[in-house]
Amino acid sequence: QLDLGDDVVLVIHDWGSALGFDWANRHRDRVAGIAFMEAIVRPIASWSDWPEAARGIFQGFRSDAGEQMVIEKNVFVEAVLPGSVLRPMTEDEMNEYRRPFVEPEHRRPTLTWPRQIPIEGEPADVTEIVGAYAEWLEQADVPKLFVNADPGAILTGPQRDWVRTWPNLTEVTVPGSHFIQEDSPHEIGQALSDWLP
1 QLDLGDDVVL
11 VIHDWGSALG
21 FDWANRHRDR
31 VAGIAFMEAI
41 VRPIASWSDW
51 PEAARGIFQG
61 FRSDAGEQMV
71 IEKNVFVEAV
81 LPGSVLRPMT
91 EDEMNEYRRP
101 FVEPEHRRPT
111 LTWPRQIPIE
121 GEPADVTEIV
131 GAYAEWLEQA
141 DVPKLFVNAD
151 PGAILTGPQR
161 DWVRTWPNLT
171 EVTVPGSHFI
181 QEDSPHEIGQ
191 ALSDWLP
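In this text, residue positions in the sequence shown follow the numbering used here: the first is 1, and each later residue adds one.
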């Protein structure tokens, strides 16, 4: 267990956003700020609200073929990751991303997470957790930094528009698809430095 103190500033992305937003919702009095990018901000009502370019592969992860796709073929690292970065990834960079997942069973978290994204009410427990923090975020006065990705991948369209209604929100736009730290690391760092409460 971490001793985080009472002035926690969360910097969150992707699955980390769901974990971070949930932690913040459960420890409201300890949160000094939340910076987020390409985040899961509320349950996704329908597959039609999930990015069309990623819909098929994410539906595949949730199917019986998911084990073969991820555990055997390492599709998340070999295809989803480089396909979610605007610039070409170097072989050295890809080798670093591959390193933790050399053994097939070590890839299981990259299968479990896509299966946990709250889409069309499933899985129910995650949908409930995400719905609870979404209700809090839309009225919480805690300082928030939205690092908007242009063009973005999962935090786009109606979800992006909804986030822009949150109170005490600062927005900065940087170039990027989903793994925006790979495309705009310095811009993100500068935005955080300028915003930190």
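Don't be surprised by glycine CBs; every beta carbon is placed ideally from N, CA and C.
Given the structure is predicted, the values throughout are model-derived calculations rather than measurements.
Inter-residue Cα distance where the pair is residue i and residue j
i	j	result
Val-85	Glu-105	25 Å
Asp-7	Met-37	20 Å
His-186	Ala-35	15 Å
Ala-79	Ile-71	13 Å
Asp-161	Glu-171	12 Å
Trp-15	Thr-127	13 Å
Val-9	Ala-153	24 Å
Ser-63	Met-69	10 Å
Asp-125	Ala-132	11 Å
Leu-196	Gln-1	25 Å
Phe-21	Glu-91	34 Å
Leu-81	Gln-190	24 Å
Gly-121	Trp-47	11 Å
Pro-123	Arg-26	20 Å
Glu-138	Trp-23	16 Å
Gly-83	Tyr-97	14 Å
Of the residues the options, the one placed nearest residue i, counting alpha carbons only
i	options	result
Asp-49	Arg-28, Thr-156 and Pro-123	Thr-156
Glu-135	Ala-65, Pro-167, Pro-109 and Tyr-97	Pro-167
Gln-181	Met-89, Arg-108 and Asn-95	Met-89
Pro-100	Pro-82, Asn-74 and Thr-112	Asn-74
His-13	Phe-179, Ser-184 and Ser-193	Phe-179
Gly-66	Leu-169, Leu-19 and Arg-107	Arg-107
Asp-150	Phe-76, Ala-132, Gly-176 and Val-163	Gly-176
Leu-199	Val-163, Ala-39 and Gly-33	No answer is possible for residue 199: it lies beyond the span of the chain, which begins at 1 and ends at 197.
Asn-95	Ala-54, Thr-112 and Val-77	Val-77
Val-147	Glu-138, Glu-93, Asp-183 and Ala-45	Asp-183
Exposure label - residue i; buried when at least 16 CB within 10 Å
i	result
Leu-4	exposed
Thr-198	Summary: the structure shown does not reach residue 198, with the chain confined to residues 1 through 197, and so no result is reported for it.
Arg-42	buried
Ser-193	exposed
Asp-29	exposed
Worksheet item: Would you call the region 141-149 and the region 100-118 in contact, with 3 or more CB pairs under 8 Å?
Response: no
Item to complete: Note down, one range per segment and in chain order, each alpha helix (DSSP H) of at least 4 residues found wholly within the region 58-133.
Response: 91-98 and 108-116
Worksheet item: Which full runs of the alpha helix (DSSP H) of 4+ residues lie inside the region 9-46, going along the chain?
Response: 14-26
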